[in-house]
Amino acid sequence: MTNERDAASASESARSALAAALSDLGLAFERESIQIERPADTAHGDLSSNVALVAAKQLKRNPRELAAEIASRVKVDADFVARVEIAGPGFINFAFSHVYVTEQVKEIVRLGASYGDGGLGQGRAVQVEFVSANPTGPLVIVSARAAAIGAALVSILRKAGYDVQAEYYVNDAGSQVAKLGLSLLTRFRQRLGEDIPFPEEGYPGEYLVEIAREIPETDARAWLALPEEAAVTAFGQAALDRIMQMIQSDLELFGVKYDRFFRESELYRDGEVQKTLALLRERNVVYEEDGAQWFRSAELGDEKDRVLVRSDGSPTYFLADAAYHLNKLRRGFLQAIDLWGPDHHGHIKRLQSAAHVLGAPEGWPEVLIVQWVRLVEDGKVVSMSKRGGEFVTLRDLVEDVGADAAKFFFLMRKTSAHLDFNLTLARKESDENPVYYVQYAHARISSVVAFAREGGVDFPADTSCVELLTENEEVELMRKLVIFPELIRGAALTREPHFLTAYAQQLAAEFHRFYHVCRIVSSDRRLSEARLLLAEATRIVLAESLRVLGVSAPDKM
RNA sequence: GCGCCUGUAGCUCAAAGGAUAGAGCAACGGAUUUCUAAUCCGUUGGCUGCAGGUUCGAGUCCUGCCAGGCGCGCCA
26 MTNERDAASA SESARSALAA ALSDLGLAFE RESIQIERPA DTAHGDLSSN
76 VALVAAKQLK RNPRELAAEI ASRVKVDADF VARVEIAGPG FINFAFSHVY
126 VTEQVKEIVR LGASYGDGGL GQGRAVQVEF VSANPTGPLV IVSARAAAIG
176 AALVSILRKA GYDVQAEYYV NDAGSQVAKL GLSLLTRFRQ RLGEDIPFPE
226 EGYPGEYLVE IAREIPETDA RAWLALPEEA AVTAFGQAAL DRIMQMIQSD
276 LELFGVKYDR FFRESELYRD GEVQKTLALL RERNVVYEED GAQWFRSAEL
326 GDEKDRVLVR SDGSPTYFLA DAAYHLNKLR RGFLQAIDLW GPDHHGHIKR
376 LQSAAHVLGA PEGWPEVLIV QWVRLVEDGK VVSMSKRGGE FVTLRDLVED
426 VGADAAKFFF LMRKTSAHLD FNLTLARKES DENPVYYVQY AHARISSVVA
476 FAREGGVDFP ADTSCVELLT ENEEVELMRK LVIFPELIRG AALTREPHFL
526 TAYAQQLAAE FHRFYHVCRI VSSDRRLSEA RLLLAEATRI VLAESLRVLG
576 VSAPDKM
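Just so we're aligned: the first sequence equals residues 26 to 582 in our numbering.
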């Protein structure tokens with residue numbers, strides 16, 4: 026632990042105090058079953074427990090009276106808690122002491138970016154696999170959302186203390202490569218002036234015309250001379266390589282980084298697909314029917330049985346996917362999170378049941394469905410398909426609204442919910458746009474710090490002056506700062522980055538309020554230094570919130 | 001037909017089973033001799049799709065409807 030006195034330990038302190046009070050009253054209550062939560066309304070204090078409400082039911086007592094009795098016996102650590110109060114139907118509320126809150130401000134300034142780093146993960150390995158779009162064209166909008174969410178999850182989990190690997194699964198095997206090859210082959214022949222129709226099953230996008238223009242003519246002519254199947258394969262590989270380059274440069278443009286691009290073809294090359302099939306056979310979950318080999322997924326909770334090997338002997342995508350996940354498991358990822366599109370939700374059961382048969386825990390891997398995105402412009406839904414069979418791409422979006430706004434907007438909504446992306450709003454560089462609102466707060470602080478230094482006021486070596494921060498706006502801002510470690514923990518546990526977009530906006534709002542009411546650089550030197558420290562603590566937490574969301578924190582705007 | 005996701009203010013969305021359901025935008029009215037007005041303050045706005053149930057307590061969990069999206073292939 027980098028920070029022993031963070032808000033989590035404040036909760037622990039409150040829990041211990043309650044447990045002692047309960048046992049004082051002769052009530053047997055398991056310590057872990059005492060719930061401590063953070064009230065939605067800050068008027069209800071900083072921490073709250075419903076233990077009296079729960080106990081009252083069992084004891085058939087009046088909850089408020091019981092709460093009063095418990096509260097009167099609570100002995101709290103004054104370094105953490107200033108007041109204990111009864112409220113509502115019988116909640117016991119704790120208010121942080123001023124000492125605790127101001128100590129946290131010092132702590133934030135001392136720790137810098139590592140404030141909020143948590144021990145939740147305890148260094149455990151987690152893999153997050155996201156986007157993994159088929160390499161048959163540029164990344165489209167739903168992939169952009171998955172990229173934003175996946176990258177944010179990776180950062181959040183890392184901050185929460187997990188050893189995280191970000192991976193992209195490249196489907197570079199199977200029938201689509203042949204389709205892609207045939208498409209490029211046709212485009213190349215068209216480039217040579219042949220008047221031939223484009224295959225109906227092909228990928229009609231303009232990008233293949235461009236690739237057909239870019240590939241060296243001598244190479245391509247040599248491929249054309251090969252037998253048809255070999256020719257299609259050669260063109261397919263060429264298309265695949267170029268498209269993966271496009272995808273990687275799109276991701277780079279978006280500021281999303283991976284630790285590994287895992288190719289499906291590796292699984293075939295290393296015989297892992299066949300080995301996986303053999304393992305499933307050993308477990309007696311495979312049978313043959315109509316010349317195909319089936320997985321008994323219906324017995325394992327799926328709607329029906331699924332084909333592993335087709336009657337023509339070729340393995341299905343599902344078998345390869347099972348092999349891929351066995352590979353993940355063997356790489357030691359006891360936690361694996363897959364982000365999939367909503368059109369794949371029907372695959373969750375079959376994959377989890379196959380993985381379970383192969384030795385994974387139940388419910389492994391965790392699959393998060395990233396719901397569809399609709400683009401809205403001037404109040405109307407924008408069609409995602411453009412001329413020539415192309416779709417609005419990640420690159421189009423980034424060029425339109427910028428990577429910061431795109432990411433922030435994608436992360437404002439919970440992952441499982443449909444998202445209407447308001448292009449008109451995202452384009453605006455004004456106060457209506459939440460991402461600028463947050464970034465502006467950061468820039469404003471940087472500017473004020475610079476101003477203060479010019480005037481000879483700097484961060485003091487002796488930080489005890491923060492005790493002077495007693496104005497309402499100062500206290501509210503500090504209370505917002507100290508919950509940051511919990512937010513990281515919560516976002517990591519629920520796998521929901523949108524907690525942090527909401528938090529960043531709230532924190533920015535608290536700062537702006539504080540700034541408006543409390544002049545930072547004034548003739549009172551000690552107070553100026555104290556406020557400068559508070560501003561800096563805010564800047565640190567804002568910057569860190571934005572960093573895990575993948576959004577830049579500018580010093581000037 | 002079956003399965004998954006969604007339904008909250010005019011719009012976009014929060015609320016990890018808790019207290020009077022909150023923000024932003026939009027609309028209207030205010031605030032600056034001062035460190036960034038891309039800011040702040042205020043007002044208006046709600047039968048949380050409908051009906052039951054579980055619970056001390058339900059927007060949240062369960063059941064049934066209604067509406068929208070997606071899926072239900074020896075495609076990936």
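Beta carbons are placed, not taken as given, at the ideal position from N, Cα and C, and that holds for glycine.
These figures come from a predicted structure and were not determined experimentally.
Cβ distance (whole Å) where residue i is taken to contact residue j below 8 angstroms
i, j, result
"V417", "I111", "So it is not a contact: roughly 56 angstroms between Cβ atoms."
"R98", "A46", "4 angstroms"
"M271", "Q464", "That belief does not hold up - the Cβ atoms of M271 and Q464 are roughly 29 angstroms apart, past 8 angstroms."
"K505", "Q531", "6 angstroms"
"A80", "L52", "6 angstroms"
"P163", "Y228", "So it is not a contact: roughly 11 angstroms between Cβ atoms."
"V406", "V310", "About 44 angstroms separates the two Cβ atoms, so there is no contact after all."
"E479", "F539", "That pair is no contact at about 21 angstroms."
Distance between residue j and residue i (C-alpha atoms, nearest Å)
i, j, result
"D346", "L376", "8 angstroms"
"A466", "S570", "13 angstroms"
"R288", "I221", "33 angstroms"
"E457", "A451", "9 angstroms"
"V588", "E492", "The structure shown does not extend to residue 588, since the chain is modelled only from 26 to 582, so the question has no answer here."
"A428", "V576", "8 angstroms"
"R238", "R420", "21 angstroms"
"M26", "R514", "Here M26 scores only 32 on pLDDT, less than 50, and its place in the model is too uncertain to base an answer on."
"D2", "G384", "Shown here, the chain extends from 26 to 582; a query on residue 2 therefore has no answer."
"R544", "M409", "49 angstroms"
"E561", "D188", "29 angstroms"
"T495", "A138", "25 angstroms"
"D197", "N159", "8 angstroms"
"P88", "E277", "57 angstroms"
"R56", "D102", "17 angstroms"
"L567", "I133", "11 angstroms"
"G216", "M269", "The residue you asked about is not Gly; residue 216 is Arg in the sequence shown. Cα to Cα, the separation comes out at about 22 angstroms."
"A65", "F119", "13 angstroms"
"A44", "Y349", "47 angstroms"
"L364", "V395", "6 angstroms"
"T161", "G357", "30 angstroms"
"E29", "E37", "Below a pLDDT of 50, predicted positions are generally treated as unreliable, and E29, at 47, falls in that range; the measurement from the model is reported next regardless. The straight-line gap from Cα to Cα measures roughly 11 angstroms."
Residue i vs residue j beta-carbon contact at 8 angstroms
i, j, result
"G146", "G186", "yes"
"F320", "L305", "yes"
"V106", "I117", "no"
"Q129", "V507", "yes"
"F446", "V398", "yes"
"G115", "A171", "no"
"I236", "R285", "no"
"T301", "L359", "no"
"G326", "S290", "no"
"L502", "L444", "no"
"A169", "A431", "yes"
Candidates the options: closest to residue i by CA position
i, options, result
"R63", "S48, V202, A35", "A35"
"D337", "R108, Q318, V99, R216", "Q318"
"A177", "Q273, Y283, S97, A92", "Y283"
"D315", "E297, L302, E324, V334", "V334"
"A516", "G148, R183, M269, V134", "R183"
"A468", "F434, F524, F536", "F536"
"F121", "Q83, P163, H69, A81", "H69"
"V474", "S547, L419, L532", "S547"
"R331", "D580, K374, Q299", "K374"
"R564", "D580, E225, L265, V382", "D580"
"A39", "D104, A173, E225", "D104"
"G143", "L512, P224, T449, V281", "L512"
"G404", "T449, V234, G371, G366", "T449"
"S41", "A380, Y232, R356, A96", "A96"
"D425", "A533, E402, L344", "E402"
"E225", "R216, T211, G199, A361", "T211"
"I181", "R214, P252, G141", "G141"
"Q60", "L217, A348, H541, S74", "S74"
"D275", "K353, V423, V407", "V423"
So, does the segment 138-157 touch the segment 177-193, judging by three or more C-beta pairs under 8 angstroms?
Judged by Cβ distances under 8 angstroms, the segment 138-157 makes contact with the segment 177-193, as three or more pairs qualify.
Spell out a yes or no on whether the segment 240-251 and the segment 374-392 are touching, meaning 3 or more CB-CB pairs, one atom from each, closer than 8 angstroms.
Using a Cβ-Cβ distance cut-off of 8 angstroms, the segment 240-251 and the segment 374-392 are not in contact, since fewer than three pairs of beta carbons, one from each stretch, lie closer than that value.
Mind the definition here: the segment 245-262 touches the segment 200-218 only if three or more C-beta pairs lie below 8 angstroms; say whether that holds.
Yes: at least three Cβ pairs fall under 8 angstroms.
Would you be able to state if there are at least three C-beta pairs under 8 angstroms between the segment 433-450 and the segment 511-529?
Put simply, the segment 511-529 touches the segment 433-450. At least three CB pairs are less than 8 angstroms apart.
With a threshold of 8 angstroms, are at least 3 pairs of Cβ atoms found where one atom belongs to the segment 544-559 and the other to the segment 474-492?
By the criterion of at least three beta-carbon pairs nearer than 8 angstroms, the segment 544-559 is in contact with the segment 474-492.
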